[in-house]
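Peer 1:
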Amino acid sequence: MNIKAPNPASLGLAGFALTTWLLSMINAGWFSGNAMGMVLAVAFAYGGTAQALAGLMEIPRGNTFGATAFLSYGAFWWSLALFVLFLHGTVPAAFIGWYLFLWGVFTLYMWVATWRAARVLQLVFLSLWITFFVLAASEWTGLEWLHHAGGYLGMLTALLAFYLSAAEIINETHGHVVLPTGVASERLALTLSIQEELPLSLSIEEKLRNA
214 MNIKAPNPAS LGLAGFALTT WLLSMINAGW FSGNAMGMVL AVAFAYGGTA QALAGLMEIP
274 RGNTFGATAF LSYGAFWWSL ALFVLFLHGT VPAAFIGWYL FLWGVFTLYM WVATWRAARV
334 LQLVFLSLWI TFFVLAASEW TGLEWLHHAG GYLGMLTALL AFYLSAAEII NETHGHVVLP
394 TGVASERLAL TLSIQEELPL SLSIEEKLRN A
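Using our numbering, you'd call the opening residue of the sequence shown number 214 and step up by one each time.
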């Protein structure tokens, strides 16, 4: 009896998207810092923990990209939440800028890794590394408009990640493409899985052969 392994991508993307949207609303100036408590709760429970679980689930699937991305961004949310809880106000803004900048560097080369993947995934990582760099610049310069711009870019990133999460689970459930993701091969895709010999995802025909 073959037991089908679940696709953790939808979970990881949803955890990333929801937490990013909440934080980005504050960065964009929609809400004050008083709303940060809810962001921290979600960062621990969903953005951090759910993404980390998704990353661990990617390891036995042999998905280096998925494991690295979900575990890393899960750790990002944990580190950010711990920083806000215990160290906020004690770390110079310039150093926070470097923290954000280095996350941007990491996201930049992860974006390069998506070039053979679905177009929506490419857009998620493209908008994310730009978001990190803009937020880093806002910490270095103290310019409020840059901080707000980073917030709006983060909201765009969250929307793209929400869409990709929905596409992953809806397309797999329906057995055909309902929400297109722009897979480079133009074949029907079901899983978010970058592997050495394959493009981003397996086609429906191959899924049926392996069932």
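The beta carbon of each residue, even a glycine, is placed where N, CA and C say it ideally should be.
#1: Closest to residue 243 by CA distance: which of 300, 269 and 368 is it?
#2: Would you check if the distance between the CB atom of residue 365 and the CB atom of residue 241 is smaller than 9 Å?
#3: If we count the other Cβ atoms within 10 Å of its Cβ and call it buried at 16 or more, is residue 305 buried or exposed?
#4: Considering only C-alpha positions, which residue in the set 316, 279 and 379 is nearest to residue 265?
#5: Quick one: is residue 391 buried, meaning 16 or more other Cβ sit within 10 Å of its Cβ, or exposed?
#6: Restricting to Cα atoms, I'd like to know which of 361, 393 and 387 is closest to residue 373.
#7: Which value, in whole angstroms, describes the spacing of the CA atoms of residue 219 and residue 313?
#8: In chain order, what residues of the same chain have a beta carbon less than 7 Å from the beta carbon of residue 377, not counting five sequence neighbours either side?
#9: Would you kindly check if the distance between the Cβ of residue 291 and the Cβ of residue 320 is under 9 Å?
#10: Quick one: measure Cβ to Cβ for residue 435 and residue 232, integer angstroms, because I've assumed they're closer than 8 Å.
Peer 2: In short, the structure shows the following:
#1: Residue 243 has its Cα closest to that of 368, out of 300, 269 and 368.
#2: Contact: yes.
#3: Its Cβ having fewer than 16 others within 10 Å, residue 305 is exposed.
#4: For the options 316, 279 and 379, the alpha carbon positioned closest to that of residue 265 is the one of 279.
#5: By the 10 Å Cβ count, residue 391 comes out exposed.
#6: Closest by alpha carbon: 393.
#7: Roughly 32 Å between the two C-alpha positions.
#8: Closer than 7 Å at Cβ, skipping near neighbours: 226, 333, 334, 337 and 394.
#9: No Cβ-Cβ contact shorter than 9 Å links residue 320 with residue 291.
#10: Residue 435 lies beyond the stretch modelled for the chain, which goes from 214 to 424, so this question has no answer here.
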